[in-house]
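Worksheet: the structure to be examined is printed underneath.
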Amino acid sequence: MSFLRSEQDIEVSVRKAISPEETAPKRKHVRACVVYTWDHRNGKAFWHAIRMLPLQSDPVMTFKALIVIHKVLHEGHKSVLREAQNHVDWIRSLSGPGGGYRRLIDEYIRLLLFKLQFHRQHPDFNGTFEYEEYISLRNVDDPNDGYESVIDLMNLQDTIDDYQRLVFASLGAPLRHTSGSGQSSMECRVSSLTAMVTESYGIYRFATSMLRGLHQQADSEVLEPLRARYYSQHRRLRNFYFDCRGVKYLSGLISIPELSVEPPDLMQSNDAAPQLPKRPQEHKTGESLAPSTTGTTGTIGTQTPAPEDAFASQAPLVPEATGTWWANEQPNLAAQQLAEEQHLRQLEETQRQLEAERRQQEMLTMQAQQQFEAEQAALLAQQQAQQAELAEFARQQQQAQQQAQIYDAQAAREQELAILKNQQTEAQNMLEQYDQRVQALESDLAQMSTLSQQQLDAKTEQLEGLQSQCDVWRSKYEALAKLYSQLRHEHLELMAKYRTTQAKAASAQEAIEKREKAERDLKAKNLELADLIRERDRARYELDKTRGLHNDEVEKLERSISLLNDRVSDTDRSRDSDVKNLVGAHNLQVKALESELLEREKQLAQLRIKEDEADILREQIQEMEDIIGAGDANGVANDSNKILDAVLQASNEQVQQSLTAFESPLESGNPNATPGYVLNICDNNIANLETFCDAYTQYIADGPQSIVEIITSASALSGSTHDLLANVKGLAVLVSADPGQNQGQVVLDEGREVAANLCTFYSSLNSELMAGLEEEDDKLELVITNHVEILKHLQELSNTIEGMLPKASVLGAGSLNQQVDGAMAKLAEAVAAANQRLARLLDSAAGYSKYDKSVNNAIISSAGAVTAAIGTLIRASIECQKEIVASGRQGRSPEEYYKKNHRWTEGLISAAKTVGTATNLLIDSADSTLSGQGSPEQLIVSSREVAASIAQLVSASRVKAGYMSSTQQGLESASKSVTHLCRELVTKVEGIIAKSRPDAKSIDYEQLSPMDFKSASLEQQVEVLKLEQNLVLARNRLFEIRKLEYARQEDE
């Protein structure tokens, strides 16, 4: 309640001090504003109250408001100076049309702004410019600082001098002696000089003390410009104080300092600064009672009131410091000193002229006064002579009257004497009262000094306590920071271990899959072994049956035994040899199967060991997830930011790894990349970027409600960026094969810019960096700026790749929906035709194949498994494509969806044609390999082409597939199956190549002579060199073929 009351009081005081009447602000109201700032140690209520007044409508109120602001800044608490910095624009806005006060208001505003700028640059100064307080707060001995401070103080002193000249010029001669409204206007204007007098005198005393300290440290020649400027300001300040003493209102309101004619000596340290005028001493009683010789009675005049503003005493000098700085700074200050010296010479010349005119006027006045006094003395002597003659002439006649007059004069003198005694007694009493008041004020001042010292000691102790608490909290903060860094390090180690265990679990899962595959193979081998055993039993049964039949025939054909003896013996021998051969072959196969069974059992045992290790890893992962879950439960408040930082960091690292692989010369990217496919990936990357930016913008606007969308979109964006870099590099390698084209480097640079800007984007979204942005608009601006930058580079990349597209488009005339369905149908027909052709090859391979039957069956069965898996993949691709069109058209027809996503449509059709071509190529390679017209290496290349085309088709579907799509997962599984079967086919063909390769051990190099050994070495080196040259030529031809293939792909 007292606080509200004090605010109401300050508002009342401000309104009364800044009244519309053209009078000076009353000191009690101004004093109330000053006391309020000291009581509350701030001036917020004062600024609020003064800004609520309608100052723009009345120039008198504006001028009085400036006077009150200046007094509060000068005498108020130091915090008012800091708060005034926030109101500089408002003070500047007070300038404007103001009638006769316009120039005064503008100059006063300029003075206040200059003062506030000075205090902003030198916060150690208080409003009264006390030297001792500045030294206690500043506590520096740098001459540079002192030199700059004196220059700024002198600039402020010049601004005060300009203003006081304008005030005296606005007063005019009649205003100093008029009364009524003119006298009030004069008082209103002159009242603005009260703060100017005390402030200018404080600046003068501070500059005097600072210059004396500087003269003790530096050379006098270096300080010559400052000294000359100080002398000039001393003369102008003395004239200013002289003019102020000529204004009765101002001299009666404050004490005007008196400066000596000559400025003080700055070379001497014991010279005190000018002091205020002292109170007149008490006159003796005898002197006050002495009568006047001229017949007039003397009266005791009214004394000048005691000064209200106390000036600070001379402060100690600046501590000693080295003087070498002044010699070093002299060249830098030469230009400034020269300009100041010229200005000072002009001012001194003008001042000398004014001083000469003033002295001449004084001499004329003194001569006229002396002449007047001489004339008065002569006239008085003549009058006395005449009076003596008249007195002598009338003495006799007026003797009686003179006696009566003597008695009357004596009575009058006695009455006057009594009056003088009473006046002297009253004056003595008044002087005693003033002395008592001075003593009381001195005692109050001593008590206030003691109380201030006690308060200062208490504040010092409190400051020490706060400093100790600050040290304690600092140590706690450092301990918490160390603990946080340790916990973060442990968290990162746990995350690394978690990733390692996940990798081990993945490898364990792969081992389990290999074990399951080995078990399936083992089962197949067991079935095959059982078939062989049944075949062996059947052969034995047939053998026994044949022997029984032969015995019966021997009994029946005894008559013809002699004739058929040779034939029967030959038949027996041939059959025995066949049976033996068959049994031997079966035994060898059984032994091979048994050895393979043992190996399978060993592999099974190893897989079981790996399965046990996988179980252990699963338990460790579960324990780590429990630990992480427990940690998440304990830190739910801050985990969202940590998780988000971890996700962004992981995405950033993934993009950086992709960028490192992109920059590596060992990585060639995707060799099957086409412009249409890369454009689809660009569109997908743009869509993922839009999703991520929308999710993060929603996160900033609504708070951490859910960060799942940010995590998924960030992962999708980094993954699509990885695919984009790999395919961009593959496309650049393909385009760079043409010497006349430089688009490859352009594509590489644009892809690099996209990845680099995305890394910068991820790094700038760190929670600590985002916490430094207080406003939500700044955070949104950061996200939008990075979004626009990345989107610009992506669009440039898309435009460059669009320029690489061939003129003819894959999409011909007709419905796009029909074209896509037709491409898929043709692909299915091509796969079915490949299966039928493989069946025919299986039937006819035994007649013309260069390999044995088991090799033929192995190759054809592997190729058949590949084509069957491709058929399954085509069906899964059709289902996935239908799901993509159904989920993405949003009420539109499939035709409109295909037109809107024409790049994706072109990529899908191109991928389907590539799969069909690769499948037919695989069957042709198998046919030519079996017939001996082709090499097994052709079959390996065809298998790899099939795997690459399947990867392209799956990637084209993955671009538009939804998150966790079941059809897309089925397509991915079918792709893995095709890739696995292609690898098996490659492995079998490599085995055939290894068997057909000549044995290097057939030549015994140890038996060769040194000459033959050297010749064999040279031959092999020549062979290696030829092969390397052939390899280079083959790679060049491959580049040319791919370039032409890229150019003709769309037409075909």
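Each residue of the sequence shown is one higher than the one before, starting from 1 at the first, in the UniProt record's numbering.
Note that CB positions come from ideal geometry on N, CA and C, so glycine has one too.
Here the structure is a predicted model, which means the values were calculated and not measured.
Nearest-angstrom Cα separation, counted from residue j out to residue i
i	j	result
ALA306	VAL72	Note that ALA306 scores a pLDDT of 33, beneath 50, so its modelled location is shaky and nothing firm can be said.
ALA661	CYS982	26 Å
GLU414	GLU426	18 Å
GLU357	TYR163	24 Å
LYS882	LEU921	28 Å
MET61	ILE256	27 Å
ALA701	ALA646	21 Å
SER640	ILE707	7 Å
ILE860	THR872	18 Å
TYR230	THR785	56 Å
ARG540	SER928	40 Å
LEU66	ALA84	13 Å
ARG474	SER468	10 Å
ALA947	ALA503	25 Å
GLN8	SER184	29 Å
LYS995	VAL1022	25 Å
GLU789	LEU1031	44 Å
ASP444	LEU466	32 Å
TYR204	ARG235	11 Å
ALA716	LEU782	21 Å
ALA374	GLN382	12 Å
ASP309	GLU478	Only weak support exists for where ASP309 lies, its pLDDT of 37 falling under 50; the value from the coordinates is given anyway. Computed Cα separation, rounded: 50 Å.
LEU483	ARG41	41 Å
GLU287	ILE10	With a pLDDT of 33 at GLU287, under the threshold of 50, the predicted position of this residue should be treated as unreliable, and no value is reported.
Closest by C-alpha distance to residue i, when choosing among the options
i	options	result
GLY146	GLN164, PHE168 and HIS122	HIS122
ALA17	SER191, SER149 and LEU94	SER191
VAL941	ASP124, THR919 and GLU775	THR919
ARG227	ARG189, ARG345 and GLY252	ARG345
TYR677	THR23, ARG1035, HIS40 and LEU953	LEU953
ASP683	GLN436, GLY864, ALA756 and LEU797	LEU797
GLU355	ALA650, GLN439, SER232 and THR967	SER232
SER975	THR987, LEU679 and SER949	SER949
LEU242	ALA412, LEU259 and LEU451	Looking at the sequence provided, one finds Phe at residue 242 rather than Leu. The option with the nearest alpha carbon to PHE242 is LEU259.
With 16 other Cβ atoms within 10 Å as the buried cut-off, status of residue i
i	result
ARG238	buried
GLN275	For GLN275, the pLDDT reaches just 40, beneath the cut-off of 50, and the residue's location in the model is therefore unreliable, although a value from the coordinates is still provided. Exposed is the call here.
VAL472	exposed
TRP47	buried
VAL14	buried
HIS77	buried
LEU1018	exposed
MET366	exposed
ASN429	exposed
ALA195	buried
ILE105	buried
ILE109	buried
ASN526	exposed
PRO675	buried
LYS960	buried
residue 1096	With the chain represented from 1 up to 1052, any question about residue 1096 goes unanswered, as that position is not in the structure.
Whole-Å CB distance - residue i paired with residue j, under 8 Å assumed
i	j	result
ILE923	ALA869	That belief does not hold up - the Cβ atoms of ILE923 and ALA869 are roughly 14 Å apart, past 8 Å.
ASP152	PHE118	6 Å
HIS74	THR208	Not really, about 19 Å apart at Cβ, beyond 8 Å.
LEU193	LEU250	6 Å
SER200	ILE160	5 Å
LEU724	ILE681	5 Å
PHE731	VAL747	The sequence shown places Leu at residue 731, not Phe. That pair is a contact at about 6 Å.
VAL68	THR37	So it is not a contact: roughly 12 Å between Cβ atoms.
VAL989	PRO936	5 Å
SER957	LEU939	In fact, because the Cβ distance is near 27 Å, the residues do not count as touching under 8 Å.
Item to check | Ordered list of alpha helix (DSSP H) runs contained in the segment 31-110, each at least 4 residues | outcome: If we require 4 residues or more, the alpha helix (DSSP H) runs fully inside the segment 31-110 come out as 44-51, 59-75, 78-84 and 88-93.
Checklist entry - Which runs of the alpha helix (DSSP H) fall wholly inside the segment 190-231 and span at least 4 residues, in chain order? => result Entirely contained in the segment 190-231, the alpha helix (DSSP H) runs reaching 4 residues are, in chain order, 193-217.
Item to check | Continuous alpha helix (DSSP H) assignments of at least 4 residues falling wholly in the segment 711-794 | outcome: As far as the segment 711-794 is concerned, its whole alpha helix (DSSP H) runs of at least 4 residues are 743-764 and 767-771.
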